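Residue numbers (this note's numbering): 86 to 272.
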């Protein structure tokens, strides 16, 4: 059972309501990849937790929206990184939310299944292979070798490496919040 009760819209203070509206009415709502609220209108996933500290929560959700909807990485690279992070942190909600997105943006069911199992999928492009190696390295070893770093810069550019590592960090933060607060997928 989740440790933080879901906050329905009618129970929110002014700061919480501004944040709620930003999440429920922003890019995530337009994307409609997964439901953002439960039957009472309370935000689900990490978003409910962010309402408990709206100042921090707004900064966190803005970073997430920038990475998902305004970043320069391809959708397949971004979702590869998110699913690798979800597996690393054993975060079921992230898997539930992002596996369908990953398939929609070009990863195969077999690739997604391999990522869920913590195995290297067959990847077709230098961009995906370099991204996999970079994510695996940073998640497992907390660093990257010069070789992996150079291959990732070659495949993604310096700005792409910064964004890739920010995706891993951001979704790691969300996974930690959801694991600490025992957030599960709906149903």
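Cβ coordinates follow ideal geometry from the N, Cα and C atoms, glycine included. Bear in mind that the values here come from a model prediction, so they are computed numbers and not experimental data.
Residue j beta carbon less than 8 Å from that of residue i
i	j	result
residue 162	residue 200	no
residue 160	residue 191	yes
residue 211	residue 240	yes
residue 114	residue 268	no
residue 244	residue 157	yes
residue 91	residue 123	yes
residue 164	residue 256	no
residue 222	residue 216	no
Assumed close pair residue i, residue j - CB separation to whole angstroms, cut-off 8 Å
i	j	result
residue 237	residue 246	5 Å
residue 119	residue 187	Between residue 187 and residue 119 the Cβ distance is about 12 Å, and since that is not below 8 Å, they are no contact.
residue 184	residue 197	5 Å
residue 135	residue 147	Between residue 147 and residue 135 the Cβ distance is about 11 Å, and since that is not below 8 Å, they are no contact.
Inter-stretch contact at 8 Å, needing at least 3 Cβ pairs: the stretch 145-158 / the stretch 122-130: In short, these stretches do not touch, since the Cβ pair count stays below three.
Complete alpha helix (DSSP H) runs within the stretch 194-240 (minimum length 4 residues, chain order): Given a length threshold of 4 residues, each whole run of the alpha helix (DSSP H) inside the stretch 194-240 is given here in chain order: 194-201 and 211-226.
Whole alpha helix (DSSP H) elements within the stretch 101-132, 4-residue minimum: Given a length threshold of 4 residues, each whole run of the alpha helix (DSSP H) inside the stretch 101-132 is given here in chain order: 112-116.
Touching by the beta-carbon criterion (3+ pairs, under 8 Å), the stretch 244-262 and the stretch 170-185: With the cut-off at 8 Å, the stretch 244-262 and the stretch 170-185 touch.
Stretch-stretch touch, CB-based, cutoff 8 Å, three pairs: the stretch 131-148 with the stretch 101-110: Because the criterion of three Cβ pairs below 8 Å is met, the stretch 131-148 and the stretch 101-110 touch.
Stretch-stretch touch, CB-based, cutoff 8 Å, three pairs: the stretch 245-253 with the stretch 164-171: At 8 Å Cβ cutoff, the stretches touch.
Unbroken stretches of the alpha helix (DSSP H), 4 residues or longer, contained in the stretch 134-192: DSSP runs (the alpha helix (DSSP H)) wholly in the stretch 134-192: 139-154, 160-173 and 177-189.
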